[in-house]
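Everything below concerns the one structure shown next.
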């Protein structure tokens, strides 16, 4: 990841991982809705991606903030929210249009599916929020 970004936005790698995970899950399930447990996602990120944290609960709170941001940015919709759990989450019309658009010869959905490194995730996140 770009050193300037990581210095100015220290939680950017977590944000990227959450955005990509949520968008992949909602894209795969679309048009069906999914439920997201921030606690379960925190444990997964700690195990798979090695995120360092004081406790999974603290990480779940940060994940919840990222999901709230996605909703406020108009990329997802959810039916209800209780503590760190989100219910009936789906792609918004805006996010679906972004994922189906062609960028550099391939659609953003296929780029999202292949985004495994921090750098690849950053490229996808930039396109989603542009």
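Residue numbers (our numbering): 258 to 387.
Just so it is clear, CB atoms sit at the ideal spot from N, CA and C, and this is done for glycine as well.
- Using a Cβ distance threshold of 8 Å, residue 293 and residue 324 count as a contacting pair.
- With contacts defined by Cβ atoms closer than 8 Å, residue 369 and residue 280 form a contacting pair.
- Here residue 315 carries a helix assignment [DSSP, helix/strand/coil].
- Looking at the DSSP output, residue 334 sits in a beta bridge with 347.
- Residues 271, 275, 295, 298, 299, 302 and 341 of the same chain have their beta carbon placed closer than 8 Å to that of residue 320, with the five preceding and five following residues left out of the count.
- In the three-state reduction of the DSSP assignment, residue 325 falls in the helix class.
- DSSP places residue 375 within a helical segment (H, G or I) once states are collapsed to three.
- Between the alpha carbons of residue 268 and residue 308 lies a distance of about 11 Å.
- Under DSSP, residue 294 shares a beta bridge with 342.
- Judged by DSSP in its simplified three-state form, residue 358 adopts coil rather than helix or strand.
- For residue 274, the enclosing alpha helix (DSSP H) has its first and last residue at 269-286.
- Counting the other Cβ atoms within 10 Å of the Cβ of residue 283 gives 16 or more, which makes it buried.
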